[in-house]
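For what it's worth, the working numbering labels the leading residue of the sequence shown as 1237, then goes sequentially. Report on one structure; see the data block that follows.
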Amino acid sequence: LACRARPSAGRRARPTSAWVLLADVAPELGEWAAFFAAGARKRAAAEAGIPSAATEREADDLVRDAETFLGVVEASLDSGHQLLLRSG
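Pasting the structure below:
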């Protein structure tokens, strides 16, 4: 978001989920954004300390998915950086 988002002109809009913003500014990450947005209730329950928010397996799967997502984002940033270097 920090690399691609641009402030909107005019009146401030209502707060928007980071996942909604991500899908808008990086459509290639839209499926990831939808995936993580779909887990918002579970995440909120886990943050609230509710023990039954997720099973150990679900938590492990989410950690693995988050690591994969970070790898995709890093690769995207690296390729964008390389394009800037080549064009500059």
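Every residue gets a Cβ at the ideal spot worked out from N, C-alpha and C, and that includes glycine. Quick caveat, the model's predicted, so the values are computed rather than measured.
Contact between the segment 1298-1314 and the segment 1255-1275 is present: three or more C-beta pairs spanning the two stretches fall below 8 Å.
Rounded to the nearest angstrom, the gap between the Cα atoms of A1276 and E1283 is 10 Å. For the pair A1281 and W1255, the CB atoms are not nearer than the 8 Å cut-off. As summarised for the segment 1245-1319, the continuous alpha helix (DSSP H) elements at least 4 residues long and confined to that stretch are 1254-1261, 1266-1274, 1276-1283, given in chain order. Excluding residues up to 5 positions away in sequence, A1289, A1290 lie with their Cβ nearer than 6 Å to the Cβ of K1278 in the same chain.
The C-alpha of S1253 lies about 14 Å from the C-alpha of A1262.
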